[in-house]
Amino acid sequence: MPKPLSFNLVDETQLVITRDFDAPPALVWRAHMEPALVTRWQNGGGDGWSITQCDIDARVGGSYRMDHQGPDGTGFSITGTFLEFDPPNRVLQEEIMLLPDPTPPNIVETLFMAKGDGTHMIMTMTLPDAETRKAMMDTGMLDGMELSYQLLDGLEVA
-2 MPKPLSFNLV DETQLVITRD FDAPPALVWR AHMEPALVTR WQNGGGDGWS ITQCDIDARV
58 GGSYRMDHQG PDGTGFSITG TFLEFDPPNR VLQEEIMLLP DPTPPNIVET LFMAKGDGTH
118 MIMTMTLPDA ETRKAMMDTG MLDGMELSYQ LLDGLEVA
């Protein structure tokens, strides 16, 4: 069983998240890029949040949007543009959260590296300033990510 995600704060603007998965990089990559798979592992994490829309154009210059809704009816969206692709090893993207007002852009680099039969993921988020990073972390984002990643651990894919 993989360990829960861990994170480190780097300088004043970066958040580095790491997590291991018991699946090869190609599968973990697909689970992050294919809307049908993303929806499966980001719904039903036990916290009552779900994805109501998931659109991903997985290519350089392509955009994405994921609309999330909480148990009380509130929600937020994540939108962005893919800047670089090296499937299934690396993706670089610009991300904006709509809370409902847009946050400043966040540059996210995610690496999917083979580790035995599994994957070691390193996600580096670079925010414009310390305030934005703190506000993002104060949303409970890391707890929500781990709940979703636990569902990804059990995802069965053909």
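Anchor point for the sequence shown: position 112 equals 109 in our numbering, and the numbering is continuous, going up by one each time.
Glycine residues also receive a C-beta, built at the ideal position from the N, C-alpha and C atoms.
query                                                                                                                                     : result
Test item: CB-CB of threonine 15 and methionine 134 under 8 angstroms                                                                     : no
Supposed close pair alanine 55, phenylalanine 79 - CB separation, criterion 8 angstroms                                                   : 7 angstroms
Unbroken beta strand (DSSP E) run spanning arginine 87, endpoints                                                                         : 87 to 95
Spatial distance of isoleucine 104 from leucine 144 (CA atoms)                                                                            : 23 angstroms
Of the residues Ser47, Met94, Val35, the one placed nearest threonine 136, counting alpha carbons only                                    : Met94
Neighbourhood of methionine 120 by C-beta, 6 angstroms cutoff - its chain only, sequence neighbours within 5 removed                      : Ile14, Thr107
Paired residues, beta bridge with proline 99 - DSSP                                                                                       : Leu95
Buried or exposed by the 16-neighbour rule on C-beta atoms within 10 Å, applied to proline 22                                             : buried
DSSP state of glycine 141 mapped onto helix, strand, coil                                                                                 : helix
Other residues of its chain near aspartate 52: CB distance less than 6 angstroms, five sequence neighbours each side excluded             : Arg62
Three-state secondary structure assigned by DSSP to threonine 107                                                                         : strand
Neighbourhood of phenylalanine 82 by C-beta distance below 7 angstroms, restricted to the same chain and skipping five residues each side : Arg56, Val57, Val88
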